[in-house]
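Participant:
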Amino acid sequence: MVDYHSAGQPHPYGGNGPGPNGDYMAQEDDWDRDLLLDPAWEKQQRKTFTAWCNSHLRKAGTQIENIDEDFRDGLKLMLLLEVISGERLPKPERGKMRVHKINNVNKALDFIASKGVKLVSIGAEEIVDGNAKMTLGMIWTIILRFAIQDISVEETSAKEGLLLWCQRKTAPYKNVNVQNFHISWKDGLAFNALIHRHRPELIEYDKLRKDDPVTNLNNAFEVAEKYLDIPKMLDAEDIVNTARPDEKAIMTYVSSFYHAFSGAQKAETAANRICKVLAVNQENEQLMEDYERLASDLLAWIQRTIPWLEARDPQKTIPAMQQKLEDFREYRRVHKPPKVQEKCQLEINFNTLQTKLRLSGRPAFMPSEGRMVSDIGAGWQRLEQAEKGHEEWLLTELRRLERLDHLAEKFRQKASIHEGWTEGKEVALRDRDSGTASLAQVRALLRKHEAFESDLAAHQDRVEQIAAIAQELNELDYYDSPSVNARCQKICDQWDLLGSLTHSRREALEKMEKQLETIDELHLEYAKRAAPFNNWMESAMEDLQDMFIVHTIEEIQGLIAAHEQFKSTLGDADREREAILGIQGEAQRLAELQGLQLPGSNPYTSVTAQVINSKWERVQQLVPKRDQALQEEQNRQNSNEHLRRQFGNQANRVGPWIQTKMEEIGRISIEMNGTLEDQLSHLKEYEQNIVEYKPNLELLEQQHQLVQEALIFDNQHSNYTMEHLRVGWEQLLTTIARTINEVENQILTRDAKGISQEQMQEFRASFNHFDKDHGGALGPEEFKACLISLGYDVENDRQPKRRTDSNDFRALLGSAGSGLGDAEFQRIMAVVDPNGSGSVTFQAFIDFMSRETTDTDTAEQVINSFRVLAGDKNYITAAELRRELPAAQAEYCIARMAPYAGPDGVPGALDYKSFSTALYGESDL
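Counting the sequence shown from 1 gives a position; this note's numbering is that position plus 1024.
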């Protein structure tokens, strides 16, 4: 055994020779050597080294009590080295004999030597014999190698580096001046300053006093043991009551603080990485929840609205049906526009979420069944179909009710006229006045009856018209059909009875005709001419009072022309009236001339001169009223024509404007000149220009409402309908919003992936070059050519190594075009076109190129971060997560981590590897 006091050895127990690993204590002075026999020195080192060894041995579930006794068999010494080095030593010998112990200690010393440490004057026999100074020297050598050697600040030695670290950390604190590892630490302020610098919440430094070193030291040692997991290695009295505390003990103690705080820094870095990843994941989950909620609400609204639009509840009156039309207008004006905005915003949110998921390396978001964007689009299409059908039904019902009201009024008018005509006819036909009449009277009765039959035949058309109107009312489901049918049946029954009575009376009069020869030819002529004229006047009165309904100026002009033609016949009618009245006057004159006693009335007809004059006067009164009614209707049709022209002119301006803007947006989305921010600014200005145009559409809505309120159904002044313009306006708003969202997503991609503006422009130029149809998407062959033009080696799955110019494009197209592997290209197509649509959008193209040229956080990086927090264990506990992470994110991890199933786990252990893998949607790293 070599004496450690021999010349040339710088350290009393195993200090190494010169070299990078052999100058730990090269600056020991003579006072330090003399301290070898000082009991205070041995006490401090024994206590410190024992605590230091136990701080590592407890990780293996054991400890030592007596440092020079418990290492004698070499077993715990080998275990200590395995714990602090993380390596396996040769299998120890379990025998109790001295040779077994020496062999174990030698294995430990050989392991220390294998780490570049030259052991001088320390042999296995001294350790086995319990030599305290040799044992302490060996432990100090281990501390130097495994706890202090790796400490380096600005390329200094281990001791100097540790001293420089202490000086920098304590520089801001008053009464602290660290110049060495002995007397600079006696007052305890330096220990407290180190703790306060890293964990200010644990130390109230301003309350410490320099003149109370025991309190200061005890405070620092207790806080370090309780909160920093640094065992208490010295007592305050050991330091205070010693003129110069042992430097090795202080260095050992201080190195524990260094490792504790450097580990905390690593843990903080790891925690920050995890927090970043979890924050992204939590934000994405919130976006997913918001999408699901908004999608559910919108679909629920659509499902509630469609049955209402599909309901067909006919009303009996026009006001009731107009109220339903007003309810529909309120739905279009008030309830639907916010849902249009929600639908557009939902699509934008979905695209933004997918972009964020792609940028953070997460799997694409798949909404729950029935809540896809396509499902919402399909539901919206069903809603608009139901909306269109509802509007058509409302307008059809209004036309039907208008037609029914017109027919019902016409039925009542004709029925009243017919009932007025038939009043008394049955009584007259049943009268047997011919029994006492003279021949002239009988002949007069016969002629009167013939005239009645002529009148009856003339009324046949009216009865048929009444029946036809009643039939049409039944077919159109008129609500008061029972009363109409009852009245019509009564008229028909009465008509049949009149026919039967007329036939019976004719037979009676003809039977007596032979007995009667006298007839007044004038009365007969009067009757024959008066009856048709009377019917003509009744028909004229009926026509003049007939209701009419028209929808165009041409129709009302036709009615006015017919009325003017009727008025032109009044002169002839007036001359016919005067001629008929002249016949009556001539009969009176002849009777007076011959002295004949004429009956009080014409025996051949009930149409007296008074009746003719009265009806003629009535016709004269009805003509100006008809003029006024036709003029009012012409004014209304002129007003309707004005509304048609007004709506048509506005629609002809708005329609082409919307179509032009749609085409301009298509060109803008393809050209995209300038930076993305310039493009975004330009698009938002363009969007504002579109929004500012909305009053023109609102004005058109107001004009359309006036058109509908006027019951105008056709408009020859414009090919645009309000429905077409609404759809075009909604498509215009949606298109500009989608284009803005695409540019915003490109900015997100560029900023997240570190893509330069030049690269983005190069990608856009290449994409547009091969997008021959300007459709915003590339086919497989176009996409392959675009990749080749960017220098992408599809066969070897590598991104371009350098930028290429147009000459390079042509060279690559010529040399590499035939060498692209089909299998590799299909793999790339599966990435950019996962749905197999056969086209590649610009956003998918940018995502692919950004993945090929930039790096992102990976599941492996997150696993390594959790491993740091777990202290290199394969599992982590809830307590460690709560200690290292913010409360919210710690609980997020605990709730989602599965229990650890490995053999080295402890109760409550959590599996952070599977959790990290799940964050990125990977089944296996």
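All residues carry an ideal CB built from backbone N, CA and C; glycine is no exception.
1) For the candidate residues 1721, 1690, 1939, 1727, whose alpha-carbon lies nearest to that of residue 1710?
2) Can you tell me whether residue 1230 is buried or exposed, with buried defined as 16 or more other CB within 10 angstroms of its CB?
3) Shortest alpha-carbon distance to residue 1138 belongs to which of 1170, 1126, 1155?
4) Could you check what DSSP says for residue 1923 in three-state terms: helix, strand or coil?
5) Under the DSSP definition of a beta bridge, which residues are partnered with residue 1934?
6) Assign residue 1928 to one of two classes, buried (16 or more other C-beta atoms within 10 Å of its C-beta) or exposed (fewer than that).
7) Within its chain, find whatever has a CB closer than 8 Å to the CB of residue 1336; leave out the 5 residues flanking it on each side and keep chain order.
8) Would you decide whether residue 1889 is buried or exposed? Buried here means 16 or more other CB atoms lie within 10 Å of its CB.
9) CB residue 1444 to CB residue 1480, shorter than 9 Å?
10) Tell me whether residue 1370 sits in a helix, a strand or coil according to DSSP, three-state version.
11) For residue 1715, does the count of other Cβ atoms within 10 angstroms reach 16, so buried, or fall short, so exposed?
12) Using the Cα positions of residue 1521 and residue 1732, report the straight-line distance between them to the nearest angstrom.
13) Mapping the DSSP letters down to three states, classify residue 1801 as helix, strand or coil.
14) I need the boundaries of the alpha helix (DSSP H) containing residue 1789, first residue and last residue.
15) Tell me whether residue 1838 sits in a helix, a strand or coil according to DSSP, three-state version.
16) With a threshold of 16 other CB atoms inside 10 Å of the CB of residue 1631, please say whether the residue is buried or exposed.
17) Distance check for residue 1420 and residue 1426, CA to CA, integer angstroms please.
18) Skipping 5 residues on each side, what residues in its chain have a beta carbon closer than 6 Å to that of residue 1311?
19) Straight-line CA distance for residue 1235 to residue 1213?
20) Can you tell me the Cβ-Cβ gap for residue 1773 and residue 1863, rounded? I've got them flagged as a contact below 8 Å.
21) Please tell me whether residue 1271 and residue 1238 are closer than 9 Å, where the distance is taken between their beta carbons.
22) So, for residue 1367: in the same chain, excluding its five sequence neighbours on each side, which residues have a beta-carbon less than 7 Å away from its beta-carbon?
23) Please state whether DSSP places residue 1864 in a helix, a strand or coil.
24) Does residue 1743 come out as helix, strand or coil in the three-state DSSP assignment?
25) Return the CA-CA distance between residue 1763 and residue 1806, expressed in angstroms with no decimal places.
26) Tell me the rounded alpha-carbon separation between residue 1729 and residue 1754.
27) With respect to the alpha helix (DSSP H) encompassing residue 1167, which residues constitute its N-terminal and C-terminal limits?
28) Since residue 1238 is in the alpha helix (DSSP H), which residue starts that stretch and which ends it?
29) Residues in its own chain within less than 8 Å of residue 1667 by CB, not counting five upstream and five downstream?
30) What's the C-alpha gap between residue 1527 and residue 1569?
31) Would you report the Cα separation of residue 1477 and residue 1592, rounded to the nearest angstrom?
32) According to DSSP, is residue 1204 part of a helix, a strand, or is it coil?
33) Do residue 1190 and residue 1218 have their C-beta atoms closer together than 9 Å?
34) Which class does residue 1257 belong to by DSSP, given the choice of helix, strand or coil?
35) Under the rule that 16 or more other beta-carbon atoms within 10 Å means buried, what is residue 1392, buried or exposed?
36) With distances taken Cα to Cα, identify the nearest neighbour of residue 1886 among 1937, 1922, 1915, 1848.
Facilitator: Let me spell this out:
1) Along the sequence shown, read from residue 1 onward, the residue named residue 1710 stands at position 686. For the residues 1721, 1690, 1939, 1727, the minimum Cα distance to residue 1710 belongs to 1690.
2) The count along the sequence shown starts at 1 and reaches residue 1230 at position 206. Residue 1230 should be labelled exposed.
3) For the purposes of this step, residue 1138 is taken as the residue at position 114 of the sequence shown. Closest option to residue 1138, Cα to Cα, is 1170.
4) Mapped onto the sequence shown, residue 1923 falls at position 899. Three-state DSSP puts residue 1923 in a strand.
5) As a working note, residue 1934 is residue 910 in the sequence shown. Partner(s): 1900, 1923.
6) On the sequence shown, residue 1928 is found 904 positions in, with the first residue counted as 1. It is exposed - the Cβ of residue 1928 has fewer than 16 other Cβ atoms within 10 Å.
7) Walking along the sequence shown from the start, residue 1336 turns up at place 312. Same-chain partners within the cutoff: 1417.
8) Counting from one through the sequence shown, the residue named residue 1889 turns up at place 865. The residue in question, residue 1889, is buried, as its Cβ has 16 or more Cβ neighbours within 10 Å.
9) As a working mapping, residue 1444 is identified with position 420 in the sequence shown. As a working mapping, residue 1480 is identified with position 456 in the sequence shown. Result no, Cβ atoms of residue 1444 and residue 1480 do not sit closer than 9 Å.
10) Translated into positions along the sequence shown, residue 1370 becomes position 346. Helix at residue 1370.
11) On the sequence shown, position 691 is the one that residue 1715 refers to. Looking at its Cβ environment, which holds fewer than 16 other Cβ atoms inside 10 Å, residue 1715 is exposed.
12) The residue given as residue 1521 occupies position 497 in the sequence shown. The residue given as residue 1732 occupies position 708 in the sequence shown. The straight-line gap from Cα to Cα measures roughly 49 Å.
13) The sequence position of residue 1801 within the sequence shown is 777, counting from 1. Strand at residue 1801.
14) The residue given as residue 1789 occupies position 765 in the sequence shown. Counting along the chain, the alpha helix (DSSP H) containing residue 1789 begins and ends at 1781-1794.
15) For the purposes of this step, residue 1838 is taken as the residue at position 814 of the sequence shown. In this prediction, residue 1838 scores a pLDDT of 37, lower than 50, which makes its location untrustworthy; the coordinate-derived value is nonetheless stated afterwards. Residue 1838 falls in the helix class under three-state DSSP.
16) Along the sequence shown, one-based indexing puts residue 1631 at 607. Flag for residue 1631 reads buried.
17) Within the sequence shown, numbered from 1, the residue matching residue 1426 stands at position 402. Within the sequence shown, numbered from 1, the residue matching residue 1420 stands at position 396. One C-alpha to the other measures close to 10 Å.
18) As a working note, residue 1311 is residue 287 in the sequence shown. These residues qualify, in order along the chain: 1377.
19) Looking up residue 1235 in the sequence shown gives position 211. Looking up residue 1213 in the sequence shown gives position 189. Those two C-alpha atoms are separated by around 10 Å.
20) For the purposes of this step, residue 1773 is taken as the residue at position 749 of the sequence shown. For the purposes of this step, residue 1863 is taken as the residue at position 839 of the sequence shown. Residue 1773 to residue 1863, Cβ: 19 Å. No contact.
21) Within the sequence shown, the letter at position 247 stands for residue 1271. Within the sequence shown, the letter at position 214 stands for residue 1238. No. Outside cutoff.
22) Here residue 1367 corresponds to residue number 343 of the sequence shown, with the count starting at 1. 1322, 1400, 1404.
23) For the purposes of this step, residue 1864 is taken as residue 840 along the sequence shown, with counting starting at 1. In the structure shown, residue 1864 sits in a strand (DSSP, three-state: E or B).
24) Within the sequence shown, residue 1743 is the residue found at index 719, counting from 1. Here residue 1743 sits in coil by DSSP.
25) Looking up residue 1763 in the sequence shown gives position 739. Looking up residue 1806 in the sequence shown gives position 782. Cα-Cα distance, rounded: 22 Å.
26) On the sequence shown, residue 1729 is found 705 positions in, with the first residue counted as 1. On the sequence shown, residue 1754 is found 730 positions in, with the first residue counted as 1. Between residue 1729 and residue 1754, the C-alpha separation is close to 19 Å.
27) By one-based count along the sequence shown, residue 1167 stands at place 143. Residues 1156-1167.
28) In the sequence shown, residue 1238 corresponds to position 214, counting from 1. Where residue 1238 is concerned, the enclosing alpha helix (DSSP H) stretches over 1237-1251.
29) Mapped onto the sequence shown, residue 1667 falls at position 643. Hits under 8 Å: 1727, 1730, 1731, 1734, 1736.
30) Counting from one through the sequence shown, the residue named residue 1527 turns up at place 503. Counting from one through the sequence shown, the residue named residue 1569 turns up at place 545. Straight-line Cα distance between these residues: approximately 33 Å.
31) Here residue 1477 is taken as the residue at index 453 of the sequence shown, counted from 1. Here residue 1592 is taken as the residue at index 568 of the sequence shown, counted from 1. Going from the Cα of residue 1477 to the Cα of residue 1592 covers about 30 Å.
32) Here residue 1204 refers to the residue found at position 180 when the sequence shown is read from its first residue. DSSP places residue 1204 in coil when its eight states are reduced to three.
33) As a working note, residue 1190 is residue 166 in the sequence shown. As a working note, residue 1218 is residue 194 in the sequence shown. Contact: yes.
34) In the sequence shown, counting from the first residue as 1, residue 1257 sits at position 233. The answer is coil: DSSP assigns residue 1257 none of H, G, I, E or B.
35) Translated into the one-based positions of the sequence shown, residue 1392 becomes position 368. Classification of residue 1392: exposed, given that the 10 Å Cβ count is below 16.
36) Position 862 of the sequence shown holds residue 1886. That would be 1937, whose Cα lies nearest to the Cα of residue 1886.
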